[in-house]
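Undergrad: Take this structure, written in structure tokens, and hold onto it; I'll ask about it next.
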Amino acid sequence: MQETGMPEGVRRRGRPRVQRRMDLEEPLRCYAPQCNTVEEEETVTILPEELELLKLVDLNGLAQEEASAVMGVSRRTVWKDLHEARRKVADALIHGKRIEIAGCERRIEGSCPQDTGYCTGTGDRLCRRRHGRKDQDNQ
189 MQETGMPEGV RRRGRPRVQR RMDLEEPLRC YAPQCNTVEE EETVTILPEE
239 LELLKLVDLN GLAQEEASAV MGVSRRTVWK DLHEARRKVA DALIHGKRIE
289 IAGCERRIEG SCPQDTGYCT GTGDRLCRRR HGRKDQDNQ
């Protein structure tokens with residue numbers, strides 16, 4: 189995947205995306221429901237700029253105009269990207285989908301727990317059940 193979230197070799201139609209200024213302090217990662225019993229989980233991909241907007245507006249409490257100044261884009265672009273990010277998060281929460289951040293370093297490095305079957309959880313009942321191991325507490 190390219191930085192834009194589009195597969196390699198696929199170009200967007202229309203105007204090119206404006207480069208956004210972002211301060212991503214935390215490494216990008218993926219999130220999945222722990223109690224999901226479906227083998228093939230559906231995935232929602234959030235772009236890094238959408239994640240940054242969620243942080244600026246919803247977490248830090250900036251107004252959309254302030255966030256647009258921080259990121260160097262128009263307020264309309266902020267509204268559009270923020271609306272799309274919120275829709276994706278709501279879709280994942282309501283339908284039990286996995287959330288993947290485009291450009292996730294662990295996925296790129298090949299160390300994503302989703303790909304390896306390794307659980308990064310605490311090893312509790314839900315974790316063992318998710319990976320097909322018997323619950324030792326009930327034996």
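With this note's numbering applied, the sequence shown covers 189 to 327. Glycine residues also receive a C-beta, built at the ideal position from the N, C-alpha and C atoms.
In terms of DSSP beta bridges, what is Thr233 paired with?
TA: Residue 233 sits at position 45 when you count from the first residue of the sequence shown. Its beta-bridge partners are Glu288.
Undergrad: Kindly indicate which residue of Ser256, Glu229, Val232 has the alpha-carbon position closest to the one of Glu240.
TA: As a working note, residue 240 is residue 52 in the sequence shown. Measuring from the Cα of Glu240, the nearest candidate turns out to be Ser256.
Undergrad: Does the region 270 to 287 come close enough to the region 232 to 250 to have 3 or more Cβ pairs within less than 8 Å?
TA: Yes, the region 270 to 287 touches the region 232 to 250.
Undergrad: Buried or exposed for Gly291, going by 16 or more other Cβ atoms inside 10 Å?
TA: Translated into positions along the sequence shown, residue 291 becomes position 103. Its Cβ being crowded by 16 or more others within 10 Å, Gly291 is buried.
Undergrad: Taking buried to mean at least 16 other C-beta atoms within 10 Å of its own C-beta, is Leu247 buried or exposed?
TA: The residue given as residue 247 occupies position 59 in the sequence shown. Classification for Leu247: exposed.
Undergrad: What does DSSP give as the partner residue(s) for Cys218 in the beta ladder?
TA: Here residue 218 corresponds to residue number 30 of the sequence shown, with the count starting at 1. The partner list for Cys218 (beta bridge, DSSP) reads Glu288.
Undergrad: By DSSP, does Leu261 sit in helix, in strand, or in coil?
TA: The count along the sequence shown starts at 1 and reaches residue 261 at position 73. Note that residue 261 corresponds to Val in the displayed sequence, not to Leu. It is coil, neither helix nor strand.
Undergrad: Is the beta carbon of Ile234 closer than 8 Å to that of Ile282?
TA: Reading the sequence shown from its first residue, position 94 is the one you call residue 282. Reading the sequence shown from its first residue, position 46 is the one you call residue 234. No.
Undergrad: Determine, using beta carbons only, whether Glu230 and Lys285 come nearer to each other than 8 Å.
TA: As a working mapping, residue 230 is identified with position 42 in the sequence shown. As a working mapping, residue 285 is identified with position 97 in the sequence shown. Yes; because the gap between Cβ atoms is below 8 Å, this pair is in contact.
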